[in-house]
Ligand code: ZN
Ligand code: ZN
Ligand code: FE
């Protein structure tokens with residue numbers, strides 16, 4: 002007989018709220034081991050006592066058979082003298098010590114719950130809040146750690162005896178499932194008129210909602226991380242009405258489909274895209290259209306953002322409708338997504354014909370995530386619900402606790418501790434007081450949740466970003482240092498971080514604009530970058546953004562500027578002004594502004610060069626949303642078009658003049674846009690070859706362009722370069738905060 006031993010096992014990682022304790026309980030019981038398991042603020046603590054060989058088996062099973070959603074980051078095992086435990090038990094949580102627990106994201110309804118949801122004999126038949134330890138809300142209902150029911154917004158619902166039994170039974174799938182509920186004891190739905198009168202509750206509310214959607218009405222529906230506005234995605238009348246009410250012009254709407262087969266009726270997802278659609282994170286996935294939904298869903302684009310139901314409520318709604326629905330965030334354009342009932346009645350009423358609310362409170366906003374396959378890899382364009390706040394590993398250890406506030410557009414911020422970064426959910430564009438206060442609220446919320454007090458703050462170099470100003474104030478108030486990091490360097494560092502690189506790389510950072518360290522607006526950068534700093538080795542030749550911000554919305558201003566740079570006043574003999582929609586007088590004024598440099602900052606932005614091409618080719622003269630021109634050019638790309646336009650490299654500058662001179666002769670937009678993208682890949686190859694750095698990181702919003710990234714990868718990898726792209730955080734400004742944390746590592 003082997004010796005009796007006692008082991009104390011400390012597990013850290015995503016181990017709470019995933020059915021870990023019942024799993025430990027079952028495993029110990031099977032092996033006849035005694036002791037206990039409990040959640041503590043650092044993770045899970047286990048003591049097991051028994052024969053040596055059983056303990057060994059226990060340790061193996063702990064790793065091999067753990068629940069699907071559990072992630073172990075570390076495991077500490079100590080041997081102690083036997084304590085003579087009589088049984089194995091699950092103990093209550095302790096509430097002290099530093100918070101190191103990983104909070105799980107919200108997970109889509111699992112298959113078992115789904116089966117019960119549509120089983121007429123199940124007690125949760127059609128119950129819109131069904132969940133278990135393998136699925137359901139987490140991040141959006143937790144108020145503080147440890148993750149226990151009294152610390153969630155479910156605390157107000159007292160479990161009925163049936164639910165209580167499941168919750169207490171270590172062998173049940175709902176053992177310690179914190180949001181456990183049923184129609185007897187849990188939250189319920191209520192349907193309201195826009196003026197705030199109660200129409201119906203529970204099942205009746207659902208039935209009436211479905212009826213209204215079938216009649217082409219617009220509904221505000223409370224989901225997991227906020228409200229959606231829903232309407233029939235095949236009804237042009239309904240979608241147009243939604244556009245008018247939301248005052249949203251061309252920006253595409255996401256569409257929720259009943260299941261994969263319904264997606265395939267309207268779109269052509271690849272195998273990889275199908276896997277993404279079905280993943281437990283359930284992001285919006287950009288897929289190629291096959292059959293047109295209502296034309297106003299994604300006007301002028303070849304792709305549509307598709308996603309599948311991820312909450313029981315969504316499943317019930319979609320299964321009872323013969324059509325897919327537009328499911329767009331419930332907010333005014335550019336404002337944070339609405340999450341509370343009262344807020345919804347106040348702010349969403351004007352958009353909707355009715356509001357479907359429920360009484361499970363959403364503790365924090367969390368927008369839907371967006372993923373696109375770029376250069377063959379799934380790449381987040383927005384990392385939020387389903388992903389946040391899972392940590393991203395850093396290739397370096399931070400010596401301080403770092404708060405990185407991110408940029409201004411598509412903001413996320415990040416908390417850095419040791420070798421981990423906790424990236425926030427998507428906060429959005431921080432351009433006004435409402436969005437700034439949502440940002441500040443979210444920063445304090447996440448810091449509170451992790452009991453995190455920063456010792457260093459990192460922000461962008463841009464003096465007019467609201468986040469920069471806030472960071473300055475915050476650092477002063479707390480008496481801690483502030484580090485400002487150049488925008489494109491942060492982009493490159495972010496790509497380095499997720500690829501675990503610390504050595505020198507060639508960073509290709511192309512985007513709309515970011516503040517350069519010479520005060521001009523950068524955006525077409527080649528940086529030799531490492532952990533200790535960067536050198537701007539090449540950049541696109543500067544051009545004037547006539548009218549500053551106005552140029553961002555009007556590609557024709559960029560086109561004119563480029564022509565003025567090439568031809569001076571003679572430009573007027575080159576272009577057909579009618580095509581741009583500008584009157585002669587307006588164009589003349591633009592020339593004067595350009596010549597005198599009035600409100601016309603210099604920029605090297607590749608994003609703006611895409612705009613220029615779109616104006617030159619007569620595709621878009623004005624934009625109704627950011628990135629529209631680039632998306633339309635991407636759609637025109639033809640992989641069979643070979644060849645590229647001439648360009649010149651000199652004194653660290655890439656001159657686009659030969660490129661545009663050649664493009665002015667091109668008649669076919671398909672050829673022109675394809676060759677433009679090929680040229681950008683060729684430029685990258687030339688620069689990389691000239692510098693000889695073997696590792697190349699691609700980052701910045703322009704790198705959301707699939708054909709561009711694919712061409713760059715092909716041409717560089719062909720010559721032996723190793724190309725790194727984003728897979729965990731967005732290439733756009735949503736990934737900046739991760740790069741800022743990296744910069745904080747050496748501070
Ligand atoms: Zn489940
Ligand atoms: Zn119940
Ligand atoms: Fe950027």
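Residue numbers (the working numbering): 2 to 748.
Heads up, the beta-carbon is just placed ideally off N, CA and C, and yes, glycines get one too.
| Item | Value |
| --- | --- |
| Contacting residues, own chain, Cβ-Cβ under 7 Å from residue 379 (five flanking each side not counted) | 273, 277, 372 and 728 |
| Local conformation of residue 94 per DSSP, three classes | coil |
| Secondary structure of residue 8, DSSP reduced to three states | strand |
| DSSP state of residue 193 mapped onto helix, strand, coil | strand |
| The region 113-120 in contact with the region 58-66 per 3-pair CB rule at 8 Å | no |
| Residue of 515, 440 and 13 minimising C-alpha distance to residue 1 | In this structure the chain extends from 2 to 748, so residue 1 is not present and cannot be described. |
| Cβ-based burial, residue 351 [other Cβ within 10 Å; buried from 16] | exposed |
| Lining residues of ligand 1 - beta-carbon closer than 5 Å to any non-hydrogen atom, in sequence order | 111, 114, 133, 135 and 136 |
| Residue 612 in three-state terms, based on DSSP | helix |
| Any heavy atom of ligand 2 nearer than 7 Å to the CB - residues listed | 160, 161, 163, 164, 182, 183, 185, 186 and 187 |
| Secondary structure of residue 734, DSSP reduced to three states | helix |
| Status (buried if at least 16 other CB within 10 Å, exposed otherwise) for residue 550 | exposed |
| Rounded Cβ spacing between residue 409 and residue 432 (contact assumed at less than 8 Å) | 7 Å |
| Those residues, in chain order, that have a beta-carbon closer than 5 Å to some heavy atom of ligand 4 | Absence of ligand 4 from the depicted structure is noted, with ligand 1, ligand 2 and ligand 3 being the only ligands included. |
| Per DSSP, the bridge partner or partners of residue 114 | Residue 114 pairs with nothing; no bridge assigned. |
| Burial state of residue 81, where buried means 16 or more other Cβ atoms lie within 10 Å | exposed |
| Assumed close pair residue 405, residue 56 - CB separation to whole angstroms, cut-off 8 Å | Not confirmed; about 43 Å, so no contact. |
| Those residues which DSSP pairs with residue 511 across a bridge | 525 |
| Local Cβ density within 10 Å of residue 382, reported as buried at 16 or more and exposed below that | buried |
| Beta-carbon proximity list for residue 86, same chain, < 6 Å, skipping 5 on both sides | 35, 36 and 50 |
| Segments assigned beta strand (DSSP E), at least 3 residues, entirely inside the region 314-381 | 326-330, 355-359 and 371-375 |
| Residue burial classification, residue 589 (beta-carbon count within 10 angstroms, cutoff 16) | exposed |
| Nearest-angstrom Cβ-Cβ length linking residue 687 and residue 642, presumed shorter than 8 Å | With 8 Å as the limit, residue 687 and residue 642 do not qualify as a contact, their Cβ atoms being about 20 Å apart. |
| Close-in-space but distant-in-sequence residues of the same chain around residue 781 (CB under 8 Å, 5 per side omitted) | The structure shown does not extend to residue 781, since the chain is modelled only from 2 through 748, so no value can be given for it. |
| Three or more C-beta pairs below 8 Å linking the region 559-575 and the region 633-642 | no |
| Residue nearest to residue 7 in terms of C-alpha spacing, selected from 159, 79, 147 and 68 | 79 |
| Secondary structure of residue 711, DSSP reduced to three states | helix |
| Cβ pair count under 8 Å reaching 3, the region 493-510 against the region 688-700 | yes |
| Simplified DSSP state of residue 75, which is helix, strand or coil | strand |
| Sequence ranges, beta strand (DSSP E) only - wholly within the region 215-264, length at least 3 | 220-223, 228-233 and 255-257 |
| Bridge partners - residue 37, DSSP secondary structure assignment | 48 and 90 |
| At least three beta-carbon pairs within less than 8 Å, the region 12-26 to the region 41-48 | yes |
| Collapsed DSSP secondary structure at residue 268 in the structure displayed | strand |
| Helix, strand or coil at residue 594 according to DSSP, with G and I counted as helix | helix |
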